[in-house]
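These notes are about the structure you will find just below.
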Amino acid sequence: LCLVIMWFEIPNSCVLRSCVRNFFRFHRDLNFTLPLRNSSHHCHTFQSGNDTSERLHFHKLLPNQVVDKIRHLQADIYDFCATSSHKEVDSLLFRTFSTGGKMIRPILVLLMSGLCNALKNQTNSTCITDAQYKIAMIAEMIHTASLVHDDVVDDSDRRRNIPTVNATHGYKTATFFGDIILAKATILLTSINNAEVISIVSKILDDLVKGELIQMESGCDESRLFSEYLAKCYKKTGSLFSNSLKATAVLANCSELCVKNVYQFGRNFGLMFQLVDDLLDFCSVDSTALGKPSRVDLQLGIVTAPVLFAAGQKLEIVKMIRRKFSRPTDVSRCVELVLNESDGIFRTRQLIEQFSDQAVRCLNDFPNCQLKLALQQLCRLYATRKT
Numbered sequence: 056l057c058l059v060i061m062w063f064e065i066p067n068s069c070v071l072r073s074c075v076r077n078f079f080r081f082h083r084d085l086n087f088t089l090p091l092r093n094s095s096h097h098c099h100t101f102q103s104g105n106d107t108s109e110r111l112h113f114h115k116l117l118p119n120q121v122v123d124k125i126r127h128l129q130a131d132i133y134d135f136c137a138t139s140s141h142k143e144v145d146s147l148l149f150r151t152f153s154t155g156g157k158m159i160r161p162i163l164v165l166l167m168s169g170l171c172n173a174l175k176n177q178t179n180s181t182c183i184t185d186a187q188y189k190i191a192m193i194a195e196m197i198h199t200a201s202l203v204h205d206d207v208v209d210d211s212d213r214r215r216n217i218p219t220v221n222a223t224h225g226y227k228t229a230t231f232f233g234d235i236i237l238a239k240a241t242i243l244l245t246s247i248n249n250a251e252v253i254s255i256v257s258k259i260l261d262d263l264v265k266g267e268l269i270q271m272e273s274g275c276d277e278s279r280l281f282s283e284y285l286a287k288c289y290k291k292t293g294s295l296f297s298n299s300l301k302a303t304a305v306l307a308n309c310s311e312l313c314v315k316n317v318y319q320f321g322r323n324f325g326l327m328f329q330l331v332d333d334l335l336d337f338c339s340v341d342s343t344a345l346g347k348p349s350r351v352d353l354q355l356g357i358v359t360a361p362v363l364f365a366a367g368q369k370l371e372i373v374k375m376i377r378r379k380f381s382r383p384t385d386v387s388r389c390v391e392l393v394l395n396e397s398d399g400i401f402r403t404r405q406l407i408e409q410f411s412d413q414a415v416r417c418l419n420d421f422p423n424c425q426l427k428l429a430l431q432q433l434c435r436l437y438a439t440r441k442t
């Protein structure tokens, strides 16, 4: 309430931004638990205060430098995007970038940046450069903009247990707001002044659009459904992981083999991440814990791994897919078949484990250190997350 009052009462935008930044810092201090350094592992404990104790258990190995940068990343994004002439936009920016979230994309970017820098320098120096930090910001900005646009496409009214911009301001404002974040991300990207990196990160935006088109144009050819599904998963989710991480490796002047391994790590992590999301969307009965309505994909006629695996065993599901779950009882019947009469859930979990293991193997050529261990732990944590 105080911030809302200040928004309209304080004429000096510099003073207002200072107030907002202080709020971000206070918010981050509440959201991160940082106990004393463990002398044997030299690590901090990290915990997201917006998540339940079961969510991801982020009290794992994150180096001090990564924690410090993540503390300020959302405030830095707000500072970069905020304008003094559009109070409604600034208000939406504040709301969007102060509600927390997993922050897994910038965390991975920062961890991989330090690891690539250490490998290239053959020293213990893992200092993250300004350009690499910008990639972390850009990754979070692109991800956030894509969520805003997804909420418009899906007509979603809730995300992270709060109303979406689409719900509170309408689809036009939500669309333009997502566009603004993407535009600012592009401006920040060009400031890195590296043509190869600009090309790599631009591929993310291209893939996001193509992924949506694959989802919209997905047909009923059963022989292609799973390959189309994985292609969509990569373009809508995996590309942001793989190409943002690849950009950090290029900025570290890593070898071609190293860049390839970093890219493949991001690809496998991203596919694993999306499969877990789809599994949770299908299995969750507690939309509050999930932070958004559950089984939305199925209600929209979008088939994901659990359903596709089950369709190989149940012709009845294949018929539902062909008619895009148009009958009133199709969704509930499909859920019953997948959960109780097929191994769709089990096989999805198997595939998740495969992608997680492949991601970990991509780190084999990197030296053993805290950064590598943190990346390995995150693979395992996200493969088994419950929310």
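When we follow the numbering used here, the leftmost residue of the sequence shown carries the number 56, and every step to the right adds one. We treat Cβ as the ideally placed atom computed from N, Cα and C, and that holds for glycine.
Determine which residues share a DSSP beta bridge with ARG213 and list them. Paired residues: PRO218.
Here's a check: name, in chain order, each residue in its chain whose Cβ is nearer than 6 Å to the Cβ of ALA414, leaving out the five neighbours to either side. Counting only Cβ-Cβ distances below 6 Å, and skipping sequence neighbours, we find PHE320, ASN323, PHE324 and CYS434.
In whole angstroms, what is the alpha-carbon distance linking CYS389 and ILE242? Roughly 45 Å separates the two Cα atoms.
Pairwise C-alpha distance: LYS369 and LEU392: One C-alpha to the other measures close to 8 Å.
Those runs of the beta strand (DSSP E) which lie wholly inside the stretch 211–294 and span at least 3 residues: For the beta strand (DSSP E) assignment, the stretch 211–294 encloses no uninterrupted run of at least 3 residues.
With 16 other CB atoms within 10 Å as the buried threshold, where does PHE364 fall? Burial call: buried.
Pop quiz: LYS301 and ILE255 are said to be a contact at Cβ under 8 Å. What is the actual Cβ separation, rounded to whole angstroms? Contact holds; Cβ gap of about 6 Å.
Quick one: Cα of GLY367 to Cα of ARG402, how far? Approximately 11 Å between the Cα atoms of the pair.
Using alpha carbons as the reference points, say which of GLN120, ILE236, ASN395 and LEU117 lies closest to PHE149. For the residues GLN120, ILE236, ASN395 and LEU117, the minimum Cα distance to PHE149 belongs to ILE236.
Would you mind stating whether VAL317 and MET167 have Cβ atoms separated by less than 8 Å? Closer than 8 Å, so yes.
I want to check one thing, is the minimum distance from the CB of LEU300 to the heavy atoms of the ligand NAD below 7 Å? Annotation note on the ligand NAD: not contained in the displayed structure, which lists no ligands.
Under DSSP, the alpha helix (DSSP H) around PHE149 begins and ends at which residues? Note, PHE149: alpha helix (DSSP H), 142–151.
Could you check if ASN221 is buried or exposed, using at least 16 other CB atoms within 10 Å of its CB as the buried criterion? Flag for ASN221 reads buried.
For SER297, tell me which candidate among LEU326, ARG440, SER310 and VAL373 has the shortest Cα-Cα distance. Residue LEU326 is the option with its Cα nearest to SER297.
In angstroms with no decimal places, state the Cα-to-Cα distance between ASP185 and ARG416. Their backbone Cα atoms lie some 28 Å apart in a straight line.
Quick one: measure Cβ to Cβ for GLY233 and HIS204, integer angstroms, because I've assumed they're closer than 8 Å. Contact flag correct, Cβ pair sits at about 4 Å.
Can you have a look at ILE217 and say buried or exposed, based on whether 16 or more other CB atoms are within 10 angstroms of its CB? Around the CB of ILE217, fewer than 16 other CB atoms lie within 10 Å, so the residue is classed as exposed.
Contact set for SER273: own chain, Cβ-Cβ below 6 Å, skip 5 residues either direction: Excluding the 5 residues flanking it on each side, SER273 has same chain C-beta neighbours closer than 6 Å at GLU283, in chain order.
Grab me the residues of ILE357's own chain with a C-beta within less than 7 Å of its C-beta, minus the 5 sequence neighbours each way, in chain order. Same-chain partners within the cutoff: GLN270.
Give, in chain order, every unbroken run of the alpha helix (DSSP H) that is at least 4 residues long and sits entirely within the stretch 351–395. As far as the stretch 351–395 is concerned, its whole alpha helix (DSSP H) runs of at least 4 residues are 351–354, 360–366, 370–377 and 385–395.
Anyone know if the C-beta pair for THR151 and THR199 falls short of 8 Å? Yes, they are a contact pair.
Outcome for LYS374 when other beta-carbon atoms lying within 10 angstroms are tallied against a minimum of 16: Looking at its Cβ environment, which holds fewer than 16 other Cβ atoms inside 10 Å, LYS374 is exposed.
Return the Cβ separation of THR292 and PHE328 in integer angstroms, given the expectation that the two are a contact with Cβ distance under 8 Å. The Cβ separation is near 6 Å, so the contact holds.
Look at ALA250 and CYS424 and say whether their C-beta atoms are less than 8 Å apart. No, Cβ-Cβ distance for ALA250 and CYS424 is not below 8 Å.
With LEU202 and ARG214 assumed to form a contact (beta carbons below 8 Å), what rounded beta-carbon distance in angstroms separates them? The beta-carbon distance between LEU202 and ARG214, rounded to whole angstroms, is 6 Å. This is short enough to meet the 8 Å contact definition.
Just how far apart, CA to CA, sit LYS30 and ILE247? In the structure as shown, the chain begins at 56 and stops at 442. Residue 30 is therefore absent and cannot be evaluated.
Helix, strand or coil for MET158 per DSSP? It is coil, neither helix nor strand.
Between the alpha carbons of ARG377 and SER278, how many angstroms are there, rounded? Looking at the two C-alpha atoms, the distance is approximately 13 Å.
What are the boundary residues of the alpha helix (DSSP H) that includes THR42? A query on residue 42 cannot be resolved here, the shown segment of the chain reaching from 56 to 442 and no further.
For the alpha helix (DSSP H) that LEU334 lies in, which residues bound it at each end? 311–338 is the extent of the alpha helix (DSSP H) around LEU334.
Just the C-alpha distance for ASN93 and PRO161, rounded to the nearest angstrom, thanks. For ASN93, the predicted structure reports a pLDDT of 35, less than 50, and the residue's modelled location is therefore unreliable. The matter cannot be settled from this model.
For GLU143, which residues of its own chain have a beta-carbon under 6 Å away from its beta-carbon, when the five flanking residues on both sides are left out? No residues qualify anywhere along the chain.
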